[in-house]
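**Student:** Okay, handing you the structure first.
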Amino acid sequence: MVAPGQSVGRLIDLDPVRVVAGVPERYVPDVWVGAEAALDFDVFAEERFTAPIRYVGSTVNPRNRTFPIEVMVPNPSRRIKPEMVANMAVTRREVEEAIVVPQDVLVRVEDGYVVFVIAERNEVSVAEVRSIILGPARRNLVVIESGIKPGNS
151 MVAPGQSVGR
161 LIDLDPVRVV
171 AGVPERYVPD
181 VWVGAEAALD
191 FDVFAEERFT
201 APIRYVGSTV
211 NPRNRTFPIE
221 VMVPNPSRRI
231 KPEMVANMAV
241 TRREVEEAIV
251 VPQDVLVRVE
261 DGYVVFVIAE
271 RNEVSVAEVR
281 SIILGPARRN
291 LVVIESGIKP
301 GNS
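Put into structure tokens, the structure is as follows:
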């Protein structure tokens with residue numbers, strides 16, 4: 151017998167499947183509705199799913215200081231199931247024709263960062279210090295906003 155108010159089942163729509171994630175508050179200004187999100191599920195090791203962000207929350211979760219975001223991932227084969235765990239990467243900013251270097255070539259100095267480039271002096275290659283302005287970073291790469299030009303090595 152079922153008591154009043156007791157659940158007897160759950161209806162689930164798996165195509166598309168709704169995926170909710172939390173974005174740390176320091177990144178929220180860079181996340182917007184329509185930005186591309188890429189999802190990697192451990193069970194689908196060689197496959198990446200993509201979908202645009204359709205919702206960015208406006209209130210922070212006080213426990214972990216994250217804002218909710220939501221994507222609707224196309225799932226016509228219904229392989230993605232409820233409660234599966236995924237890693238989500240969100241495009242925070244797109245930088246066209248950027249100069250990108252590995253972070254380990256950066257040298258921290260008192261007033262910022264410098265890099266060493268190869269310069270020619272009197273037909274001799276020498277290392278030259280250049281002050282730089284850093285842009286966005288991802289993983290081990292960082293965009294150089296100013297201080298070096300394309301082709302510097």
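In the working numbering, the protein residues as written are 151 to 303.
Beta carbons: idealized from backbone N, C-alpha and C, even for Gly.
Since the model is a prediction, treat every value here as computed from it, not as a measurement.
#1: Count the other C-beta atoms from every protein chain shown that fall within 10 angstroms of the C-beta of residue 238, then say buried if there are 16 or more, exposed otherwise.
#2: Using CA atoms only, rank isn't needed, just tell me which of 192, 176, 246 and 244 is closest to residue 216.
#3: Between residue 185 and residue 162, which are expected to be in contact by the criterion C-beta below 8 angstroms, what is the C-beta distance as a whole number of angstroms?
#4: Excluding five sequence neighbours on each side, which residues of the same chain lie with their C-beta closer than 6 angstroms to the C-beta of residue 290?
#5: Quick one: Cα of residue 229 to Cα of residue 223, how far?
#6: With a Cβ-Cβ cutoff of 8 angstroms, do residue 264 and residue 257 count as a contact?
**Tutor:** According to the data block:
#1: Of the residues assessed, residue 238 falls on the buried side of the cut-off, its CB having 16 or more other CB atoms within 10 angstroms.
#2: Per the Cα distances, 176.
#3: So it is not a contact: roughly 26 angstroms between Cβ atoms.
#4: Taking residue 290 as the centre and dropping the five residues before and after it, the same chain places the C-beta of 252 and 253 closer than 6 angstroms to its C-beta, in chain order.
#5: For residue 229 and residue 223, the distance between alpha carbons rounds to 11 angstroms.
#6: Taking the C-beta atoms as reference points, residue 257 is found nearer than 8 angstroms to residue 264.
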